[in-house]
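Everything below concerns the one structure shown next.
Residue numbers (the working numbering): 3 to 281.
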């Protein structure tokens, strides 16, 4: 009897989770169907009407998207901003996290406390001062300027996360590696990085999603030639009545990339965040 109750409870939980997942994915499915409909069909009925008449669906809008130089350039700008930012944050944070966790150097604890304190600094506080500084350096309105801003504000959390994860590694394991003649760089690359793969993967996913979906920083620091997809979509919305055939597939492309990345690596994301957040 108890086994039947447990099985029934498990089935109900699974059914509830499936229902929540379907509800969560409904906007994505609706946006995808809208991106396959013409502007006239979108204006005359909701996206759900396509389920009753699938003949109205076509990939003509995506052909129009590929022919729109502003949208395609914005997509590649987004890639050029998100990928280097993610790589730089992960590499620098991994090095700093290992140093704060296992290297003994003067001022280590005060410096780490400073890093933790930077976690509470809102991004909005640094927008105008950094914009003025970038203007003097010739970085304002450029992709490297946007990347540098994201890297600077992404590092405190990244260092905090990886330091906590690396500090959980057994001390005996690292001491045994040192007794075998391994230098710090060899220990870091051959031992720490492989063991810390879940935390590093979760950090990379978190950073990529945040930068890919950002509009505030890009809206201020990127000009018309370096603006990402979020800013381009925002400007396209102003002409919603005349360019829905480009706006809908562009919005779906902007949404589906982070969704695919998250679902592909969600196991590492959950493991890494949980392991790095507690001690």
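Don't be surprised by glycine CBs; every beta carbon is placed ideally from N, CA and C.
Pair within 8 Å by beta-carbon distance, residue i and residue j
{"i": "residue 33", "j": "residue 253", "result": "yes"}
{"i": "residue 88", "j": "residue 162", "result": "no"}
{"i": "residue 259", "j": "residue 30", "result": "no"}
{"i": "residue 233", "j": "residue 83", "result": "no"}
{"i": "residue 90", "j": "residue 63", "result": "no"}
{"i": "residue 195", "j": "residue 96", "result": "yes"}
{"i": "residue 172", "j": "residue 121", "result": "no"}
{"i": "residue 85", "j": "residue 152", "result": "no"}
{"i": "residue 99", "j": "residue 165", "result": "yes"}
{"i": "residue 246", "j": "residue 44", "result": "yes"}
{"i": "residue 167", "j": "residue 125", "result": "no"}
{"i": "residue 186", "j": "residue 113", "result": "no"}
{"i": "residue 52", "j": "residue 35", "result": "yes"}
{"i": "residue 101", "j": "residue 169", "result": "no"}
{"i": "residue 265", "j": "residue 207", "result": "no"}
{"i": "residue 251", "j": "residue 67", "result": "yes"}
Whole-angstrom C-beta distance between residue j and residue i, which should lie under 8 Å
{"i": "residue 76", "j": "residue 229", "result": "6 Å"}
{"i": "residue 133", "j": "residue 223", "result": "7 Å"}
Whole-angstrom distance between residue j and residue i, CA atom to CA atom
{"i": "residue 193", "j": "residue 257", "result": "36 Å"}
{"i": "residue 18", "j": "residue 25", "result": "11 Å"}
{"i": "residue 48", "j": "residue 61", "result": "18 Å"}
{"i": "residue 110", "j": "residue 50", "result": "58 Å"}
{"i": "residue 205", "j": "residue 65", "result": "35 Å"}
{"i": "residue 215", "j": "residue 137", "result": "24 Å"}
{"i": "residue 92", "j": "residue 28", "result": "33 Å"}
{"i": "residue 55", "j": "residue 80", "result": "35 Å"}
{"i": "residue 16", "j": "residue 144", "result": "48 Å"}
{"i": "residue 142", "j": "residue 217", "result": "16 Å"}
{"i": "residue 135", "j": "residue 146", "result": "14 Å"}
{"i": "residue 279", "j": "residue 181", "result": "Confidence is the limiting factor: at residue 279 the pLDDT is only 46, short of 50, which leaves the residue's position unreliable, though a coordinate-based value still follows. When rounded, the distance between both Cα atoms is 30 Å."}
{"i": "residue 70", "j": "residue 140", "result": "29 Å"}
{"i": "residue 189", "j": "residue 183", "result": "10 Å"}
{"i": "residue 46", "j": "residue 72", "result": "27 Å"}
{"i": "residue 175", "j": "residue 191", "result": "14 Å"}
{"i": "residue 225", "j": "residue 150", "result": "15 Å"}
Three-way DSSP call (helix, strand, coil) for residue i in this model
{"i": "residue 224", "result": "strand"}
{"i": "residue 229", "result": "coil"}
{"i": "residue 249", "result": "helix"}
{"i": "residue 171", "result": "coil"}
{"i": "residue 111", "result": "helix"}
{"i": "residue 99", "result": "helix"}
{"i": "residue 215", "result": "coil"}
{"i": "residue 279", "result": "Per-residue confidence for residue 279 stands at a pLDDT of 46, beneath the threshold of 50, marking its modelled position as unreliable; no derived number is given."}
{"i": "residue 105", "result": "coil"}
Considering only residues of the region 118-164, which uninterrupted alpha helix (DSSP H) runs meet the minimum length of 4 residues and lie entirely inside it, listed in chain order?
125-139
Complete runs of the alpha helix (DSSP H) confined to the region 21-94 [at least 4 residues]:
41-46 and 62-68
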